[in-house]
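Colleague: First the structure, which I've put down as structure tokens, then a few questions once you've had a look.
Residue numbers (this note's numbering): 6 to 1011.
Shown next, in the form of structure tokens:
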């Protein structure tokens, strides 16, 4: 049997009107202006700036453990001149000096107390005893419950264990009281409403396995299940129900698979549910597939349908990563999906129990009328609302539907504040049904209308922005970050690795003036995880080959410099297309040759694409001659030409991205190139040959010349026909290049321009109010992603004294939790370093670190992996390091992290700025004053606030440092191409016999 929801609209609206009548005059306490919470909510809804500051302050409050830190943050957040800020906050923020701060302390203590009370309004208890007491009260009022333990942000396996134990503890406490609880609407079978277990818990699966990630579905599901299964067994022992919550999209597939495995493993126990989110565009297919699976398996299931609590997060992440937005972008679309999917579930009520989780009276009425039309038995569906919200709705629901369950968060206030912020955002959003109903007092007819009608009205009223275009090209946007929630992406990597493995190991020739060149000197490139596996036998250029390449480049330059800028840009765009078409194979080669993890390899190729796309657009911008001055009778135009032959000396750690970036910048600027890749990544470097061939680049403009630095490196730098040297690598080599380039050689006609990026000793500051959930994972990633082999990697973490112990404990446990092993296995967080020489160098610095500091973590791979001869080094963290230690000053280029203690922000900045490098830095803080101060006083090329110091994106994070970190403008920025070009100016006198044509933009008389 089926029904058309539209045909039910009259009944839905009638039921909705009855519902509104039954709660007339009531309002949720969160909107009650007689209470402090209601006043704050009212201010938040009226003033967006206050709303942002207030919610951020709520988020940081649990970390403010001293009256000084509390007063300081209140002053920073609320001492502005905005008259809309509540007086009690503003007065407390501006009176910190009165009476020696006594008045402020009293006021600020009141503010803390009020905010904590606001949090408790949404949390049923902080400890199990409080939770049990709160549950008893709810049941006495006729409501069932589902209990959810707060604190789902686990960064280590120790924390995941503690999260599991927290559930077991509260279930034990409930079990002791369970026998005393009478069933709701007792019919004599000890079940609520005659069919529902009295105990109901919800679990957020990612919290049970700290290493959960979408690229490793099998490992994630196995890890989640190992800790969730004991909770399910305990729930079954109590005759209870467990629901698996849906979190952010990246965990969706693992969550559904976890549900299926548990359901199959315990087929005779039906009380297991799963959540689906109506705001996801995929929700119809998601629910349909699970229903089909349930029928195929002949297993009853239960689905709780929610609108979704991560809309902002999903939207922001999608826009940041250039992904399609996975959620509906108009609120009525989510409402339509909810009604549509509810109908689908109710049509399958014989095999699927339904929990309708919504505060929207239109939605609730639609579900009730649909269930009635389909003649769904009452024991096949129930309604759920959030504890602490929508009290009138839950009372009205109980009167009409009887079966109402409250979703009850339980746990400490520290994670509780994050939950509180989500609830406050939900309540104050302009499209929130509760806000529209109880705060805005919107028209009832509008609130009850079919959401499709609402959507059409909104679409009719919207303004569609025009797409930005420049010279026929869309505005630059970064290539999308790899999305491993897509199965095709996960499958593409092993497929390409297998394909590349089959064809690698052969001869890799030079490429000079459009022809392959074979030499007898070879360098074997090998897999760092298995050095016996050859990647390729790379021909090495000597002095003779370098001279031939420079001669070819010099001749090609003479015609290439005069090719129109837009045509040179077109070649780059074709090259970008080649990389896009071959991206997985290009990634696979990096995984095998330099040991990059899947995501790191993809980011490398994506950055190469970005450089091509960005520099193409930049050259078109710079290629248009620019008029200088506006004087009539004179036409002066500034334009650029390529400098000449560019020697590009590339690193191995970003073997495609940095190579393509430097080479393409030179080529699009009108230079020709002799390219020397790093020896140990020369096979990746050879990809540039195929790329430029596919793009149709003329012979001689690009020449691939791998070679031993000791044989041909100085000769390439010294050659009189080389005009530009673009280098990325160590400080020592970079300084040597600059020194040699400064000496004029016989026959040299141009001053050599050196562009050099030379590394860093990057620090991350952890302020006393830092969000440790983010800071720990951010530092871990910045320090140990790609084995710490990035010039931007975090090698020093500078922690303020008051938060030092908490941070270090969580960091060390997080480091002990990650998996080590070959990078081609996506479960592994850290793999081998790039080769034996790098291995020896890192091991030398590990020894120095052990001598200078106290070892917190030294994790090595298994003996089996050691036996392969792979280039593995220990993941190492040491403390007790001062700014004078070698390990705090010298670049290691490996997974060695120094933890340094600072008394205050002054000392932290002193330590951060104490090296001769100035490349990247980061800080984790929620202090507006410290964000402002550090932005000015942490003097590095790229500073990241509340995010890791790695992962720069072209344009958005134009990259480069100063001091001994390099010389030249920022790569991927608006000034970079200028380094490869010479500016020229042509000035014409347009006056003839006293007459001059007047140009449209001349400064002429009015």
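Note that the Cβ used here is the ideal one computed from N, Cα and C, for glycine as well.
1. Since residue 762 sits in a beta bridge, which residues does DSSP pair it with?
2. Below 6 Å CB to CB, which residues in the same chain sit around residue 24 once its five sequence neighbours on both sides are set aside?
3. Quick check: the Cα distance between residue 443 and residue 450, rounded to an integer number of angstroms?
4. Using only the alpha-carbon positions, how far apart do residue 463 and residue 146 sit?
5. Please confirm whether residue 60 and residue 83 have their CB atoms less than 9 Å apart.
6. Is the region 618-634 close to the region 995-1002, with three or more CB pairs under 8 Å?
7. Use the C-beta contact count for residue 294: other C-beta atoms within 10 angstroms, 16 or more gives buried, fewer gives exposed.
8. Name the DSSP bridge partner or partners of residue 707?
9. Report yes or no: do the region 885-900 and the region 547-556 share at least 3 C-beta pairs separated by less than 8 Å?
10. Whose C-alpha, out of 16, 510, 481, is nearest the C-alpha of residue 327?
11. Which residues in the same chain as residue 148 place their Cβ atom closer than 6 Å to its Cβ, once the five residues preceding and following it in sequence are excluded?
12. Less than 9 Å between the beta carbons of residue 762 and residue 992, yes or no?
13. Return yes when the Cβ of residue 246 is within less than 9 Å of the Cβ of residue 310, no when it is not.
14. What do you get for residue 69, buried or exposed, if any count of 16 or more other CB atoms within 10 angstroms of its CB means buried?
15. Given that a residue counts as buried once 16 or more other Cβ atoms are within 10 Å of its Cβ, and exposed if not, what is residue 1002?
16. Hey, residue 161 and residue 818 are a contact pair by Cβ (cut 8 Å); roughly how many whole angstroms apart?
17. Among residues of its own chain, excluding the 5 on either side of residue 158, which ones have a beta-carbon nearer than 8 Å to its beta-carbon?
18. Going by Cα to Cα distance, which pick from 331, 614, 141, 572 is closest to residue 959?
19. Mind checking residue 105: buried by the 16 CB within 10 Å criterion, or exposed?
20. Taking residue 695 as the reference, which of 859, 514, 685 has the closest Cα?
21. DSSP state of residue 520, grouped into three classes?
22. Leaving out the 5 sequence neighbours to the left and right, which residues in its chain are closer than 7 Å to residue 18 when beta-carbon positions are compared?
23. How about residue 841 and residue 536: are their beta carbons less than 9 Å apart?
24. How is residue 1006 classed by DSSP in three states: helix, strand or coil?
25. In this structure, how does DSSP classify residue 456 when only helix, strand and coil are distinguished?
26. What runs of the alpha helix (DSSP H), each 4 residues or longer, lie entirely inside the region 280-309?
27. Verify the contact flag: residue 907, CB atom, against every heavy atom of the ligand MG, threshold strictly below 8 Å.
28. Please classify residue 859 as buried or exposed, where buried requires at least 16 other C-beta atoms within 10 Å of its C-beta.
29. For residue 445, I'd like the list of residues in its chain whose CB is within less than 7 Å of its CB, leaving aside the five on either flank, ordered along the chain.
30. In the DSSP assignment, find the beta strand (DSSP E) that holds residue 926 and state where it starts and stops.
31. So which of 873, 375, 176, 783 has the shortest CA-CA distance to residue 14?
32. Hey, out of 516, 606, 534, whose CA is closest to residue 498's CA?
33. Report yes if the C-beta distance between residue 659 and residue 795 is below 9 Å; otherwise report no.
34. To the nearest angstrom, how far is it from the Cα of residue 861 to the Cα of residue 824?
35. Take residue 381 and list the residues in its own chain whose beta-carbon comes closer than 7 Å to its own, dropping the five residues that flank it on each side.
36. Kindly indicate which three-state DSSP category residue 512 falls into: helix, strand or coil?
Modeller: The answer reads as follows:
1. Sequence index remark: in the chain shown, residue 762 carries index 757 (1-based). According to DSSP, residue 762 bridges with 733, 971.
2. Position 19 of the chain shown, counting from 1, holds the residue named residue 24. Closer than 6 Å at Cβ, skipping near neighbours: 366, 401.
3. The sequence position of residue 443 within the chain shown is 438, counting from 1. The sequence position of residue 450 within the chain shown is 445, counting from 1. Only weak support exists for where residue 443 lies, its pLDDT of 49 falling under 50; the coordinates are left without a value.
4. Counting from 1 along the chain shown, the entry for residue 463 is found at position 458. Counting from 1 along the chain shown, the entry for residue 146 is found at position 141. About 40 Å.
5. Taking the first residue of the chain shown as position 1, residue 60 is located at position 55. Taking the first residue of the chain shown as position 1, residue 83 is located at position 78. Going by C-beta atoms, residue 60 is not nearer than 9 Å to residue 83.
6. no
7. Taking the chain shown and counting its residues from 1, one reaches residue 294 at position 289. The residue in question, residue 294, is exposed, as its Cβ has fewer than 16 Cβ neighbours within 10 Å.
8. As a first step, residue 707 must be located in the chain shown, where it is residue number 702. 678, per the DSSP bridge assignment.
9. no
10. The sequence position of residue 327 within the chain shown is 322, counting from 1. That would be 481, whose Cα lies nearest to the Cα of residue 327.
11. On the chain shown, residue 148 is found 143 positions in, with the first residue counted as 1. The answer, listed in chain order, is 409, 411.
12. For this step, residue 762 is matched to residue 757 along the chain shown. For this step, residue 992 is matched to residue 987 along the chain shown. No. Outside cutoff.
13. For the purposes of this step, residue 310 is taken as residue 305 along the chain shown, with counting starting at 1. For the purposes of this step, residue 246 is taken as residue 241 along the chain shown, with counting starting at 1. Taking 9 Å as the Cβ cut-off, residue 310 and residue 246 do not qualify as a contacting pair.
14. Taking the chain shown and counting its residues from 1, one reaches residue 69 at position 64. Residue 69 comes out buried.
15. To locate residue 1002, count along the chain shown from 1; it is residue 997. When all chains shown are included, residue 1002 counts as exposed.
16. The residue labelled residue 161 in the question sits at position 156 within the chain shown. The residue labelled residue 818 in the question sits at position 813 within the chain shown. Between residue 818 and residue 161 the Cβ distance is about 4 Å, and since that is below 8 Å, they are a contact.
17. The residue labelled residue 158 in the question sits at position 153 within the chain shown. So the list reads 212, 420, 423, 778, once near-sequence residues are dropped.
18. Here residue 959 corresponds to residue number 954 of the chain shown, with the count starting at 1. Looking at the Cα atoms, 614 is the closest of the given residues.
19. Position 100 of the chain shown, counting from 1, holds the residue named residue 105. Because residue 105 sits at a pLDDT of 49, beneath the cut-off of 50, its placement in the model cannot be relied upon, and the following sentence gives the value as read from the coordinates. Flag for residue 105 reads exposed.
20. For the purposes of this step, residue 695 is identified with residue 690 of the chain shown, where counting begins at 1. It is 514.
21. In the chain shown, residue 520 corresponds to position 515, counting from 1. Reduced to three states, the DSSP call for residue 520 is strand.
22. Counting from 1 along the chain shown, the entry for residue 18 is found at position 13. Closer than 7 Å at the Cβ level, and outside the excluded window around residue 18, lie 453.
23. Here the question's residue 841 lines up with position 836 in the chain shown. Here the question's residue 536 lines up with position 531 in the chain shown. Contact: yes.
24. The count along the chain shown starts at 1 and reaches residue 1006 at position 1001. In the structure shown, residue 1006 sits in coil (DSSP, three-state: anything other than H, G, I, E or B).
25. The residue you call residue 456 lines up with position 451 of the chain shown. Residue 456 falls in the helix class under three-state DSSP.
26. 288-302
27. Looking at this structure, you won't find the ligand MG or any other ligand, since it has none at all.
28. The residue you call residue 859 lines up with position 854 of the chain shown. Answer is exposed; the Cβ neighbour count stays below 16.
29. Along the chain shown, one-based indexing puts residue 445 at 440. Because residue 445 carries a pLDDT of 47, less than 50, the predicted location of this residue cannot be relied on, and the following value inherits that uncertainty. Excluding sequence neighbours, residue 445 sits near nothing in its chain.
30. If you number the chain shown from 1, residue 926 lands on position 921. Note, residue 926: beta strand (DSSP E), 925-929.
31. Here the question's residue 14 lines up with position 9 in the chain shown. That would be 375, whose Cα lies nearest to the Cα of residue 14.
32. Taking the chain shown and counting its residues from 1, the one referred to as residue 498 is at position 493. Out of 516, 606, 534, 606 has the C-alpha closest to the C-alpha of residue 498.
33. Against the chain shown, residue 659 aligns to sequence position 654. Against the chain shown, residue 795 aligns to sequence position 790. Going by C-beta atoms, residue 659 is nearer than 9 Å to residue 795.
34. The residue you call residue 861 lines up with position 856 of the chain shown. The residue you call residue 824 lines up with position 819 of the chain shown. One C-alpha to the other measures close to 17 Å.
35. For this step, residue 381 is matched to residue 376 along the chain shown. Hits under 7 Å: 351, 354.
36. Stepping through the chain shown from its first residue, residue 512 is reached at position 507. The answer is strand: DSSP assigns residue 512 an E or B state.
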